[in-house]
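Notes follow once the structure below has been shown.
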Amino acid sequence: MTTPLLTAQGLDLRFGSIAALSDVAIDITAGEVVAIVGESGSGKTTLLRVLSGLMAPDSGTVRWLGEDVHAMGEAARRRLMRTDWGFVHQNPRDGLRLAVSAGGNVGERLMAVGARHYGNIRSEALSWLAKVEIDANRIDDLPRTFSGGMQQRLQIARTLVTRPKLVFMDEPTGGLDVSVQARLLDLIRSLSRELGLAVLIVTHDIAAARLLADRILVMRRGAVVEQGLTDRVLDDPQHPYTQLLVSSVLAA
Amino acid sequence: MYVAVKGGEKAISAAHAWLEETRRGDAAIPELTVAQIEQQMGLAVDRVMAEGSCHDRFLAALAIKQAKGDLIEAAFLLRAYRTTLPRFGASDPLDTAAMRLRRRISATYKDLPGGQVLGPTFDYTHRLLDFALAAEGEDRASAPEAITPVAAAPRVTELLAREGLMQREAADDAEPGDLTRQPLTFPAERPVRLQNLARGDEGFLLALGYSTQRGYGNAHPFVGEIRVGHIAVEFTPPELGFPIALGEIAITECQMVNQFKGSRSEPPQFTRGYGLVFGHGERRAMAMSLVDRGLRAAELGEDVTAPAQDAEFVLYHSDNIEATGFVEHLKLPHYVDFQSELENLRTIRQSAAAAAE
Amino acid sequence: MDGYNFAYLDEATKRMIRRAILKAVAIPGHQIPFGGREMPLPYGWGTGGIQVTASILGPDDTLKVIDQGSDDTTNAISIRRFFTRVAGVATTEHTAEASIIQTRHRIPERLLREDQIMVYQVPQPEPLFKLEPRRTETKRLHALADYGLMHVRLYEDIARLGHIAKAYDYPVMVNGRYLMSPSPIPAFDNPKMHRMPALQLFGAGREKRIYAIPPYTEVRSLDFEDHPFRPIRAPHSCALCGSGDTYLDEVITDDRGGRLFVCSDTDHCAERQADAAKEAAE
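Residue numbers (the working numbering), protein chains in the order written: chain A, 783 to 1034; chain B, 42 to 398; chain C, 193 to 474.
Written out as structure tokens, the structure reads:
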């Protein structure tokens, strides 16, 4: 059993009288895709934000390669987010610089970690645009001229360019047409396989989870009600809430 | 043969001499006295004192005379003078409840202890130009005098606070920041924000206050109370250990009562916007209280969406001395930088033309 | 001048400013906030430079003040007159004779010495301000040495125009750590800042920031390996002294496109002309 990259235990977080997170534990190993599913209000997005250091829990710890994420300081967390980590936002406009060209968006992380050769930065950007199936001649276009699906693919390229070990994804297919969603999920699946990425993906879409994830955590009202290998959980749900979730998908 | 133009020093001296001539204007017309400005253009003097951050009616009037009526230029003169004054301490906080009131109104109650006292106000005048004013030496009828003095007037916000309906301000003995000595830093605490607004440009404050009423950060304000009058300034010298009165100044105070804030754990209360200015400056005090409330958005858990709620935007652009300096500095020669732009542009265009061939 | 302290500012204020200067020198390129005072000249017209000069000026100093490279431009005259009135110090138009040089928008062509101090007038001390106007955010970026925004901007220029578009106030990296605005000097002058023997002080009065480059400090203009920084100047010679490597002003001589170019640094040009006249006489 390989050592997990990211581990968390005993995570608690309250907003006033509401338990946003209740004794949550999770871990993820290299190359693994883990989905966190649940309805809105289940705490899944809060969990993602706590795991990626954007929000601090009331109690419990999150460790990256053994180091406490919330104790390491903002400078260290920002460095992590530019190198070993990536974050794909639900709304691509939150994860892109809209006034900067596609090439600039992809090249930024390279420049932030010291790349100083314009030609090399540009060819690296071109190869990534190809990987996310964006036409090379769009490299100098602004993201506001892209469709929603293309913006999301650009966000993914921007995130992956420094070859992070772990990528957090918050409802990456939210707000996109069904056919566009399918293409994006395929892309995420093949890239994560090809690059050996660990992915922590939050989604309310069970079908997306089944397509992408090795393991799945089901959340309800801040607590993890069930977890395990994706096929096992979805084919043979134990918890009544999971059963309800799964059956509602089948019905639809 | 090109010879570089010299003689800038002579040109400046001549320009200033001409300025002095135009400042005086037609010598056949009597010269304005500082006393006339101080008495008959009192609201201009009040504005210059407020934006000059210095309460001295004579100096403000003198500055207005020197500045040919440009009030921002006058405030600039006053500020520059203020820099040279030695500071020997700070007064005790003003107790506005003890003001000698001239005017006191409230929009939140029809009647209240102390009553609605209109005082000398432009309110309800009909804005018809009075050509009789063009003649001088006219005997103007004096205003009738009231027989009973103004009764005790407790603060409206105090009435609300006693019922628990209005937040009280937390008493705080900490030394407030001083914008005339330290640079503005963020996050800016409320005392520093209020200081900044108290000396900010009246037009800017007015526009921002207006914007909050039109939906750019809505706080549903009511004028809880406007007080205009005189107040004693007291100072406690360390050698004496007790306060002595230095004199009286005129001030205007405005307290706005805004929509209530609360949650399931805290019962809702009205929230406050506050304005305080030297002299008689209702427009400024009211605008200041609207913007003060706007800037409290973050601490009151409201979304910051409007310009009047954006602390950096408001506080960095409120000072009209800074603003006019920087805007007008564009008149200074910039031809060295412009030359670089020209050469850069020429080079880029040449490269583009060469590439096209 | 009656009633005013030497160089206008009171000694407590000068002390406060000198403390800020010391902090600035200790952290090359880093902006130090200071309690700037209201001066008798308007914000944007050199109050920061004036406060720095006033704080370091002594009765034995010799002051030179230039604007656009010339001693005779109106604002340079105004500032020089101010210091004559409030400090009575010796003033000069010769760079070689000055102990303190206050400047707007140019560095003198003549190499400066260890016993000289350059004081730059700065309108906008924050090099990132066009990309991020919020000071709370730029403060964080400087603290984390997170300058990706600026490199992206340069990348965008090359992608769009084939060249970096910045012609003046060209951003520099100081001592390998802080991104700094050199003030709106033309990019042509940037190389002079690198390992300059003189102390360089920068004063922004309206924005209330002081920063510094100690003598012999590394100052590098941002660029890419395959698009190196190039200083820009008009590709002509000075019509007065014949110089082909100084920064030139373009002068329009008639309304039919007639123009000629003359040295922006009037003292340097005059010196060259005097030297040429001497040589001709010999």
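Just so it is clear, CB atoms sit at the ideal spot from N, CA and C, and this is done for glycine as well.
All values reported here derive from a predicted model rather than from experimental measurement.
Three or more Cβ pairs closer than 8 Å define a contact, and the region 791-809 of chain A meets that threshold against the region 831-846 of chain A.
Note: Y200/C is bridge-paired with N197/C in the DSSP secondary-structure output. Only buried fits V89/B, as 16 or more other CB atoms lie within 10 angstroms of its CB. When the five nearest sequence neighbours on each side are left out, the beta carbons in the same chain lying within less than 6 Å of the beta carbon of R879/A are those of N887, in order along the chain. Between T445/C and R451/C, the C-beta spacing is below 8 Å. Counting other Cβ atoms within 10 Å of its Cβ, P874/A reaches 16 or more and is therefore classed as buried.
At a C-beta separation below 8 Å, T346/B has no neighbours in chain C, since its nearest C-beta there lies roughly 15 Å away. As the crow flies, the alpha-carbon of L73/B is around 8 Å from that of K106/B. R337/B sits buried, since 16 or more C-beta atoms from the chains shown fall within 10 Å of its C-beta.
Under the Cβ criterion of 8 Å, A359/C is counted among the residues facing chain B. Under the three-state reduction of DSSP, A326/B is assigned to helix. According to the DSSP assignment, T276/C belongs to the alpha helix (DSSP H) that extends over 266-279. At the C-beta level, Y312/C and S375/C come within 8 Å of one another. Between G236/C and P319/C, the beta carbon gap of about 18 Å keeps them out of contact (Cβ cut-off 8 Å).
Not a single CB atom of chain C sits nearer than 8 Å to the CB of V870/A. Nearest to G49/B by C-alpha distance, out of R277/C, I269/C, P420/C, is I269/C. Contact annotation: in the region 995-1024 of chain A, no residue has its CB less than 8 Å from a CB in chain C. Under the 10 Å beta carbon count, I285/B is surrounded by fewer than 16 other beta carbons and is classified as exposed. W237/C carries a coil assignment under DSSP once its states are collapsed to helix, strand and coil. Taking all protein chains in view, the Cβ of P127/B is surrounded by fewer than 16 other Cβ atoms within 10 Å, so the residue is classified as exposed. Within 9 Å of the CB of E890/A, the CB atoms of chain C belong to G340, L341, H343, V344, Y347, in sequence order along the chain. Between F275/C and L233/C, the C-beta gap is not smaller than 8 Å, which leaves the two residues out of contact. For the region 361-376 of chain B, the beta-carbon criterion of a distance under 9 Å to any beta-carbon of chain C is satisfied by I362, E363, A364, T365, G366, F367, V368, E369, H370, L371, L373, P374, H375, Y376. When the beta-carbon positions are compared, T784/A and A812/A come within less than 8 Å of each other. Contact annotation, D441/C with S456/C: C-beta distance approximately 5 Å; criterion of less than 8 Å satisfied. A379/C is a Cβ neighbour of P423/C, given a cutoff of 8 Å. Between F227/B and E353/B, the CB-CB gap stays under 8 Å. In this structure, DSSP gives D263/C a state outside helix and strand, which the three-state scheme calls coil.
Within chain B, no C-beta atom comes less than 8 Å from the C-beta of T283/C; the nearest is roughly 12 Å away. Using a Cβ distance threshold of 8 Å, S883/A and D922/A count as a contacting pair. Interface criterion not met: the Cβ of S359/B is under 8 Å from no Cβ in chain C. Between T245/C and I309/C, the alpha-carbon positions lie close to 9 Å from each other. Secondary structure at G221/C: coil, using DSSP grouped into helix, strand and coil. Interface residue (Cβ-Cβ distance to chain C less than 8 Å): M893/A is classified as such.
Comparing alpha carbon positions, the residue from R211/C, A351/C, L303/C, R229/C closest to Y403/C is R211/C. The Cβ neighbour count for F117/B, taken over all protein chains shown within 10 Å, is at least 16; the residue is labelled buried.
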